[in-house]
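Notes to accompany the following structure.
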Amino acid sequence: MLDVPSLARRSGPAFKYPEAAFAAGHEGTVGFQYHLIDASGKVAIDCVYQGSGDEIIDAAVVERVNSSRYHLPKGFEWERDKGRRYQDTAVLSWNAESLARADPATVAAAIAERLIHAPEIPGVHLAYAFEGTTNLRARVNDSGSVEMVSMLQSSGDTKLDAIAMAAMLAYKFKPGDPFSVDRAFSFKIN
18 MLDVPSLARR SGPAFKYPEA AFAAGHEGTV GFQYHLIDAS GKVAIDCVYQ GSGDEIIDAA
78 VVERVNSSRY HLPKGFEWER DKGRRYQDTA VLSWNAESLA RADPATVAAA IAERLIHAPE
138 IPGVHLAYAF EGTTNLRARV NDSGSVEMVS MLQSSGDTKL DAIAMAAMLA YKFKPGDPFS
198 VDRAFSFKIN
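This is the structure:
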């Protein structure tokens with residue numbers, strides 16, 4: 018079993034765009050046991066009995082579940098059932114293409130914030146300062162929304178590439194702009 022307190026420990030504000038902070042394509046299933054803290058449905062994880070193999074995903078699931086409220090089971094009575102334990106699984110995927118559309122500067126700022134205030138996970142190190150340029154090509158639809166992004170040249174850092182992809186996917190072009198747009202993104206995050 019994994020040590021839930023160390024997985025759940027973190028500092029800094031909540032992060033809105035975790036998908037872009039890590040390279041696209043990470044996915045895992047986490048099995049956990051939890052209990053209800055109060056009658057409002059607030060929960061706390063007791064233990065993780067099945068890790069995903071990716072400690073970052075495990076920590077994110079613990080954080081997400083511990084900040085959630087569950088619907089109470091049918092027939093649940095707080096005084097009678099408050100000591101019960103439940104088991105559940107969660108599937109989490111980090112994928113830059115699943116980002117909600119947002120202002121690229123906001124996305125980049127949130128990613129920098131996440132890297133600075135990353136969960137303290139033993140054996141996992143996230144760089145706090147890095148820079149690079151990623152060249153991308155976007156396919157744009159008639160409304161100006163980006164439909165697909167392909168990488169022409171990597172920055173050499175998967176995190177920077179994911180940030181660039183997220184920024185490009187969030188970008189709103191003007192209707193009538195070219196169907197295919199090449200753009201370079203340069204980031205320096207300290």
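Here the sequence shown is numbered in the working numbering, starting from 18 and rising by one per residue. Built from N, CA and C at the ideal position, the CB exists for glycine as well. It should be emphasised that the depicted structure is a prediction, and the values quoted were computed from it without experimental measurement.
Give the straight-line distance between the Cα atoms of residue i and residue j, rounded to the nearest whole angstrom.
i: Ser-171; j: Ile-54; result: 46 angstroms
i: Ser-85; j: Ser-69; result: 20 angstroms
i: Asn-181; j: Val-108; result: The sequence shown places Ala at residue 181, rather than the Asn named in the question. Each residue's Cα considered, the two are about 25 angstroms apart.
i: Tyr-103; j: Val-47; result: 14 angstroms
i: Gly-161; j: Ala-184; result: 14 angstroms
i: Glu-72; j: Val-65; result: 11 angstroms
i: Asp-174; j: Gly-149; result: 7 angstroms
i: Gly-58; j: Thr-151; result: 44 angstroms
i: Ile-74; j: Glu-80; result: 10 angstroms
i: Gln-67; j: Asp-199; result: 43 angstroms
i: Ala-56; j: Asp-63; result: 18 angstroms
i: Lys-99; j: Tyr-188; result: 47 angstroms
Please list the terminal residues of the continuous beta strand (DSSP E) segment that includes residue i.
i: Asp-63; result: 60 to 67
i: Leu-169; result: 163 to 170
How would you call residue i, buried or exposed, if buried means at least 16 neighbouring beta carbons within 10 angstroms?
i: Lys-176; result: buried
i: Leu-169; result: exposed
i: Glu-3; result: Since the displayed the chain opens at 18 and closes at 207, residue 3 lies outside it and no answer follows.
i: Asp-159; result: exposed
i: Ala-76; result: buried
i: Ser-115; result: Only weak support exists for where Ser-115 lies, its pLDDT of 41 falling under 50; the value from the coordinates is given anyway. So Ser-115 ends up on the exposed side.
i: Gly-45; result: buried
With residue i as the anchor, note down where its alpha helix (DSSP H) starts and where it stops.
i: Lys-91; result: From DSSP, Lys-91 is part of no alpha helix (DSSP H); its letter is neither H nor E.
i: Asp-71; result: That residue, Asp-71, is in no alpha helix (DSSP H); it is neither H nor E in DSSP.
Less than 8 angstroms separating the beta-carbons of residue i and residue j?
i: Val-163; j: Leu-186; result: yes
i: Ala-179; j: Val-166; result: no
i: His-52; j: Arg-97; result: no
i: Val-82; j: Val-60; result: yes
i: Asp-105; j: Phe-49; result: yes
What did DSSP end up calling residue i once you bin it into helix, strand or coil?
i: Ala-187; result: helix
i: Asn-158; result: coil
i: Asp-105; result: strand
i: Asp-208; result: As displayed, the chain neither begins before 18 nor continues past 207, which places residue 208 out of reach and without an answer.
i: Asp-199; result: strand
i: Ala-113; result: Unreliable positioning characterises Ala-113 in this predicted model, as indicated by a pLDDT of 42, which lies under 50. A coordinate reading is not provided.
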